[in-house]
Structure formats: C-alpha cells, structure tokens
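I have placed the structure first, in the form of structure tokens, so that the comments after it can refer back to it.
Written out as structure tokens, the structure reads:
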C-alpha cells in the first residue's frame, strides 16, 4: 500500500460498495459543511495530498477514487460504460449514501466535467463548484470542425486504431512505467518542484492493478461525451475556475471562454503553473482555495 505523508493526520482508506464495485475514499476532519474532491484522468486520492490539511481547517473533507482509478474497482469496459455520466452517477450516489447532505465540489481536469454533470443531474445536491484546469476535450467529435484539416481527415484512422484493444494494451504498457509517469508529470508541472516519489508511486501502483489497461482503452475511445460548455448553461450552483496559465494541455485562452456562462462567478489565472496547480504549488493555491471556501459559505 502507498503511504502518503500529510501534515498532521493521515486519512484512513475506507471502502464503499457502489453497484457491487468497491470504491475507495478518504474522510478528513469534521469542521463545517462538507467538500468532496474529485481527481482527473489517471489520478487518485493521493493527488490531493498537499491540499487536504488546509481544506480541513474550513470543512469536512471527502476524497474519492473514481471507478476505474486509484484503489477503486476497475471492472472490464465490456460490463460498464466508462465516461462522464457514469462517474457523475457515482459522485451523486456517494453524496447521498456517505455524505448525506449537499456538498461543495473541488475538481481537477476531467473531474471538473464530472462535477458539472453531477450538478446538472441533481442541482439541489451541490452548493458550489471550484474547477481547476477543466478538461476541454478538444478531441471530442463535437469539436472536430474546429480542428485542422489534417486532424479531421485523420480522425477515422485514429478511431480505428484506438478501437484495437491489443494495440491499446501495448501502448498502455509503454506508458505505465514510473519513468514515463514522471516525464508526463514534468509536462503538467512546469516548475517540477512537487513531483515527489510518493506521487509517482501512487499513480504507478494504480496502473498495475488488474483491469487498469481496460479503463485506459475505454477512456481513449471517448469521442462523444459531455463537454463543459454543454453543461455550464444548465448549472445552478455558482462556479469558480482556477487555471494555470502554463497548462500544456488545456490552454488558458480557451479556458477563459468558459467564464462567459452565467453560473461562473470568477475565473482565477494562476501565474506560472500548469495542469495541476493545486499539487504543483499548494503554498500558492491553498490560500485561494480557503478563500473560495469562506466566500462560498458567506454567499450561502
């Protein structure tokens, strides 16, 4: 088991049964209204290890591994359809069964779209969303017309290739190595200061679990799933975006366009940071998270 050292008290791995699948979560603190942290693709509870202590000063913190990731179950994609709607259903079921009251969501990357979908599905269950470097899903078929001609012409070939599970499994084996994970993290974290062995080991351990390659195959075949800009018009809870201005995968210029929707109350650029600013520079981001928590309570 991976042990990640937190500032004061390590959370205990807990497991909740959802539709016959084991879901890992953490619960931390007991101060005030609950907050649920939702990770991005390939991540896990440990990705919030630098933030939990600060958030727990203001709220009861729950952290969850989405189905298919971390230490949660990884059923074969022939038995479940991995995607935004499934994970949103998981979040809502967890909120009802474990938390038992409305909650604020803090999410990163694809977890942001999951959070938006959950808030659309059950508006009364979510009182505020803090979305950090939201996945824009530029590869989605609904955005194909915006892509360069070469990518549009190559889309059928790309789809045919990634549908081949054997090829996807081979690609997964090339990527699921500590050295490759570290290289990917260095792209996501321009400063590279927070890429420690604990994070690399936590992410690597999850890639070695039975079923992990099948989840990867399912995810890279998600060419038609909900987009943030489709969901935002229907969100009733107030939304705040944090965005690293050096995100290599989700350009901040495109992210700023999401600030035009009525539910969005603030868009906060984070200078010099990449795709996971909450983990890359917690000393910079945690005070802003705490400020958001305080203001969201005051607004409520």
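In my numbering, the protein residues as written are 10 to 309.
Here a beta-carbon is modelled for each residue, glycine too, at the ideal position from N, C-alpha and C.
Exercise for review: Pull up the DSSP beta-bridge partners for residue 19, would you.
Suggested key: Its beta-bridge partners do not exist; DSSP assigns none.
Review point. What is the rounded straight-line gap between the Cα of residue 259 and the Cα of residue 266?
Key: 12 Å
Review point. Do residue 33 and residue 74 have their C-beta atoms within less than 8 Å of each other?
Key: yes
Exercise for review: Can you tell me which of the three DSSP states residue 192 falls into?
Suggested key: helix
Check your understanding: With 16 other CB atoms within 10 Å as the buried threshold, where does residue 58 fall?
Key -> buried
Point to revise | alpha helix (DSSP H) runs contained entirely in the segment 186 to 274, provided each spans 4 or more residues | key: 187 to 197, 206 to 216, 221 to 229, 237 to 240 and 261 to 264
Check your understanding: Roughly how many angstroms separate the alpha carbons of residue 100 and residue 139, rounded to a whole number?
Key -> Straight-line measurement puts the Cα of residue 139 at about 15 Å from the Cα of residue 100.
Practice item. Quick one: measure Cβ to Cβ for residue 282 and residue 289, integer angstroms, because I've assumed they're closer than 8 Å. Key: 5 Å
**Study point:** Nearest candidate by alpha-carbon position, reference residue 271, set 173, 72 and 249
**Key:** 249
Check your understanding: Would DSSP call residue 163 helix, strand or coil?
Key -> helix
Practice item. Indicate whether residue 54 and residue 35 have their beta-carbon atoms separated by less than 8 Å. Key: yes
Review point. Leaving out five residues before and five after residue 228 in sequence, what residues of the same chain have Cβ atoms less than 7 Å from its Cβ?
Key: 50 and 91
Exercise for review: May I ask you to verify whether the segment 78 to 86 touches the segment 112 to 131, counting CB pairs closer than 8 Å and requiring at least 3?
Suggested key: The segment 78 to 86 vs the segment 112 to 131: no contact.
**Study point:** Sequence ranges, beta strand (DSSP E) only - wholly within the segment 96 to 155, length at least 3
**Key:** 112 to 118 and 135 to 143
Review point. Where residue 94 and residue 144 are concerned, what is the direct C-alpha to C-alpha distance, given to the nearest angstrom?
Key: 15 Å
Review point. Going by other Cβ atoms of all chains shown within 10 Å of its Cβ, with 16 needed for buried, is residue 10 buried or exposed?
Key: Summary for residue 10: the model assigns pLDDT 29, below 50, so the residue's position carries little reliability, and this model does not support an answer.
Point to revise | Terminal residues of the alpha helix (DSSP H) in which residue 174 lies | key: 174 to 184
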